[in-house]
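These notes concern the structure reproduced below.
Protein chains: 2
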Amino acid sequence: MSTIYPVILCGGSGTRLWPLSRKSYPKQFVPLIGETSLLQQCADRLRGPAGAPYAEPMILTNEAFRFVVPEQLMAVGVNPGPILIEPEGRNTAPAVLAAALHLSSSDPDATMLVAASDHVIPDTPAFHVAVAEGVRTITDRGDLVTFGITPDRPETGYGYLKLRQVPDASGVSVPLDRFVEKPDMDSAKAMVAEGSYLWNSGIFLFAVRDILAAFNQYAPDLVEPVQKAVENAQSDLGFLRLDPDAWRTAQDISIDYAVMEKADNLSVVPYAAGWSDVGSWSAVQELSNPDADGVATSGEVTAIDCHNVLVRSESPAQEVVAMGLENVIAVAMPDAVLVASMDRAQDVKQAVSALKAKGAKQAESLPVDHRPWGWFESLIIGDRFQVKRIHVHPGASLSLQSHHHRSEHWIVVEGTAEVTIDDNVQLVSENQSVYIPLGAKHRMVNPGKVPMVLIEVQTGTYLGEDDIIRYQDVYARD
Amino acid sequence: MSTIYPVILCGGSGTRLWPLSRKSYPKQFVPLIGETSLLQQCADRLRGPAGAPYAEPMILTNEAFRFVVPEQLMAVGVNPGPILIEPEGRNTAPAVLAAALHLSSSDPDATMLVAASDHVIPDTPAFHVAVAEGVRTITDRGDLVTFGITPDRPETGYGYLKLRQVPDASGVSVPLDRFVEKPDMDSAKAMVAEGSYLWNSGIFLFAVRDILAAFNQYAPDLVEPVQKAVENAQSDLGFLRLDPDAWRTAQDISIDYAVMEKADNLSVVPYAAGWSDVGSWSAVQELSNPDADGVATSGEVTAIDCHNVLVRSESPAQEVVAMGLENVIAVAMPDAVLVASMDRAQDVKQAVSALKAKGAKQAESLPVDHRPWGWFESLIIGDRFQVKRIHVHPGASLSLQSHHHRSEHWIVVEGTAEVTIDDNVQLVSENQSVYIPLGAKHRMVNPGKVPMVLIEVQTGTYLGEDDIIRYQDVYARD
């Protein structure tokens, strides 16, 4: 059996789960169901079963998420494989092709398992069995394999896969007849009743050799730009940054449209053990083990006399009380709260657009700002001062910088900082402070083995993040 | 015309408007309707019309609110009259009697206007006209005067005043026939239809001489303990602290039960210009100018396709989105959120009890803690650190204190502090910091004419408010 290379598509930036999911930190990074994020659950699942030849996962993501991805993977003990940075989102066909080309250069016999980073698949062993059936299908028939979800309702939000026959309960793959676009309700009901239609999950298993052949046959125009983007990719701090000029000339198209709907050697592994793309808060409610009254809660929530609700408090410092509610979603964060009818779960992005139109930063950003060296959070902004909590990973370093309009007081509250101020370098430990005068060149480094946390008190007439002059930066930022 | 002495009852600690109103900072102190608090609106109303002989208001409140009351009054340019501290709440009869006895000692001819601090009365000129009618009634008939609200609905939550005749539209007072307890809905409908029943507002106008006579006649057992509590009251930092031993022997009883229902010389001034005791969030919705769809919002709220809702964001840093809601109340604060059916507005205190039972501090306390010298707010609490914003009024001083378990870093971000650390006294101005080692005796004073704001970063193994040893305190606290 050839090695299985997981390929995780991690570029999504959906707003349908606002306020928890925001453009700056979308749903794959958030603990939506359970303690870990969807990406972490995905990476954990793609370790494969004990003894199976699964490689470290390759990740395709974008510039903004390049530091969060390895941070989250390492936090659950998964070493990331290659991290390919897409200069901009071009949909799934260029992404899968880039992954296939990159794999092919090191292992032409590779098998690639393509998965989205933001799906919920509760039964990991069942998923591994399905992957093994996919491998068998490739070996026996040389097909391109897609995974089809046995529908439990006439969903109109998904595309369907029409199989050549009704699959039996054993999970054995069935050749594909054709793709079916998102249906209307009557068609969806008919398909679910008929039995040979499964949901198109967007999970694929390919012999790299076969999918490259399919791209060459059905989407030859994609191959040249993507090949150039991969060949000219820049290796940068462990990331592989696809060549932006070549990448931008590749068509923005899904792999279904570009290849799968045209190919005639497709098989579907049926999957009935539970799957969701978590496309709305009502999907989250269903996945959150609601009680007999349909009440699903998470965090510090007190729900009294409610029916069919999802009530979440996303901060341990925020108590949420729900009383007498019916068919309501309430998701509370200290900086943003959504309260919506369950029937309007599909329309949350409309609310985000309204917020964006009024200029609210909560439309797209979280109070916590993730950076290559860790993260910071603004605790309070006054007229001429701001207080931040700054969390620096072990071994990480902020840039050497100065500010025109503010001074800073740093008080270390956890760990140890190595602080540079102009020509002076000093160690600052817990319960010690330093002062950074306006204009001084300064840098903080965490030289230790544990996270370093400091409180920064800024004073000055202008406190914007853009009052920064960077002299040196290990992360190569301007 | 004798001087009118406003007497504001400011001891309430209701939970029906949680989370905005909490036991530690109840609704009279909160800007519920408009920019100022209900107490401030009350005090402003009780300045009286131009040229009328209204004295500075006397306030009856409790220990916990004694510093907030004058702070709020002075913020709207009202000098507080005597502030009487009730050692514990004993309902309205002892409070009114104490006020009458205190007034009588300095002005036996006084007229007292008793009002709750937490009512909404939108039409101040109309209220002044009604008070003038009350004065006329006292002069002409020597009656005790109460104010009756013309009902606009068959409310079952109020007691009613049965007048001897249906009042005309002129607002002329009518002798009272009798008090009616909170009715059932059928009785309420019948009374409203009949026309001679008004709501009992709890606002009174008395010649001090007459109300004292009434207490002596109808509630003689109250007079001795309350008289003793007033005579033995301790003057303390400008407050008059009623004698606790005497006060506790006074019966806990309302003035209606103790006196008004027994007296035979009562008149009612009818009042039809709008009044609310703001007893629930649904009352707030009605008072908040809802649009044609019944949508009332305040703060940073985006409401889409809602009907009959109240949606409030109580922090400029918190965006609230409401979508597709019907008959819902949503009140959001960074530390607590209420989402409830409008029909359950009366049951909010049940939710507060549930929160209290689970030990949530949000049941009774706000993040901001008011103190005699100003206030503070915890910005973040970590394992071994805490960050606070501390706001000190001009001229105010914290106690000289020390801590066993924590050190403190103080960074002044607005104004100037005079800081004592052991034997050293120094001025610390904006953008300067000082360090208070564990165990050091320290104090901060605001010697300036503008508020002083500092950021305090505490580090230590125990950060509770009770790790404090006070050596000297201008506010006489232990």
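Chains as they are written, first to last, in this note's numbering: chain L, 849 to 1326; chain S, 849 to 1326. Don't be surprised by glycine CBs; every beta carbon is placed ideally from N, CA and C.
- If you ignore the 5 residues before and after residue 1172 of chain L, its C-beta comes within less than 8 Å of the C-beta of 1152, 1153 and 1154, all in its own chain and listed in chain order.
- The alpha carbon of residue 1321 of chain S has as its nearest neighbour, out of S/1148, S/1295 and S/1245, the alpha carbon of S/1245.
- Taking residue 1091 of chain S as the centre and dropping the five residues before and after it, the same chain places the C-beta of 1076, 1077, 1080 and 1081 closer than 7 Å to its C-beta, in chain order.
- Under the Cβ criterion of 8 Å, residue 1272 of chain L is not counted among the residues facing chain S.
- Rounded to whole angstroms, the separation of the alpha carbons of residue 1213 of chain S and residue 872 of chain S is 5 Å.
- Here residue 922 of chain S is exposed. Its C-beta has fewer than 16 other C-beta atoms within 10 Å.
- In the three-state scheme derived from DSSP, where H, G and I count as helix and E and B as strand, residue 1204 of chain S is classed as helix.
- For a cut-off of 8 Å, the C-beta gap from residue 1306 of chain L to residue 1233 of chain L is around 6 Å, short enough to register as a contact.
- By the beta-carbon neighbour count (other beta carbons within 10 angstroms, threshold 16), residue 953 of chain L is exposed.
- Residue 927 of chain S counts as exposed, since fewer than 16 other beta carbons sit within 10 angstroms of its beta carbon.
- For residue 1122 of chain L, no CB of chain S lies under 8 Å from its own CB, so it is not counted at the interface with that chain.
- What residue 1188 of chain L touches in chain S, judged by beta-carbon distance under 9 Å, is 1152, 1169, 1170, 1171, 1172 and 1173, going in chain order.
- Nearest Cα to residue 1056 of chain S within the set S/1028, S/1050, S/1107 and S/960: S/960.
- Residue 1022 of chain L and residue 1008 of chain L have their alpha carbons spaced roughly 14 Å apart.
- Excluding residues up to 5 positions away in sequence, 1067, 1070, 1101, 1102, 1103, 1106 and 1107 lie with their Cβ nearer than 7 Å to the Cβ of residue 941 of chain S in the same chain.
- One thing to note: residue 1150 of chain S has its Cβ no nearer than 8 Å to the Cβ of residue 1160 of chain S.
- About 16 Å separates the beta carbons of residue 908 of chain S and residue 862 of chain S, which is beyond the 8 Å limit, so they are not a contact pair.
- At least 8 Å separates the CB of residue 995 of chain L from every CB of chain S.
- In this chain, the beta strand (DSSP E) harbouring residue 1320 of chain S covers 1317-1320.
- Residues of the segment 876-893 of chain L with a C-beta atom less than 9 Å from some C-beta of chain S do not occur.
- Annotation note: the segment 962-1024 of chain S contains the following uninterrupted beta strand (DSSP E) runs of length 3 or greater, listed N- to C-terminal: 992-997 and 1008-1011.
- Secondary structure at residue 1064 of chain L: helix, using DSSP grouped into helix, strand and coil.
- By the Cβ test, the segment 925-939 of chain S is not in contact with the segment 982-989 of chain S, since fewer than three Cβ pairs between them sit closer than 8 Å.
- Against chain L, a Cβ distance below 7 Å from residue 1203 of chain S picks out 1150, 1167 and 1169.
- Residue 895 of chain L has a beta carbon lying at 8 Å or more from every beta carbon in chain S.
- A check of alpha carbon separations from residue 1046 of chain S across S/1053, S/1063, S/1117 and S/1113 identifies S/1117 as the nearest.
- Counting only residues of its own chain and dropping the five nearest sequence neighbours on each side, residue 1294 of chain S has a CB closer than 7 Å to the CB of 1240, 1241, 1242, 1243, 1244, 1263, 1265 and 1300.
- In this structure, L/865 is the residue among L/937, L/865, L/850 and L/925 with its C-alpha nearest to the C-alpha of residue 1211 of chain L.
- Secondary structure at residue 1234 of chain S: strand, using DSSP grouped into helix, strand and coil.
- Distance from the CA of residue 1087 of chain L to the CA of residue 879 of chain L, rounded to the nearest whole angstrom, comes to 25 Å.
- In terms of Cβ geometry, residue 1177 of chain S and residue 1165 of chain S do not form a close pair [threshold 8 Å].
- When C-beta atoms of the segment 1032-1050 of chain L are compared with those of the segment 999-1013 of chain L, three or more pairs fall below 8 Å, so the two segments count as touching.
- Straight-line spacing of the CA atoms in residue 904 of chain L and residue 919 of chain L works out to 15 Å.
- Residue contact check for residue 1178 of chain S against chain L: a CB pair falls below 8 Å.
- Within its own chain, the residues whose Cβ lies closer than 7 Å to the Cβ of residue 1074 of chain L, once the five positions on either side in sequence are excluded, are 942, 945, 946, 949 and 1098, listed in chain order.
- Residues of the segment 1275-1297 of chain L with a Cβ closer than 8 Å to any Cβ of chain S, in chain order: 1278, 1279, 1281 and 1283.
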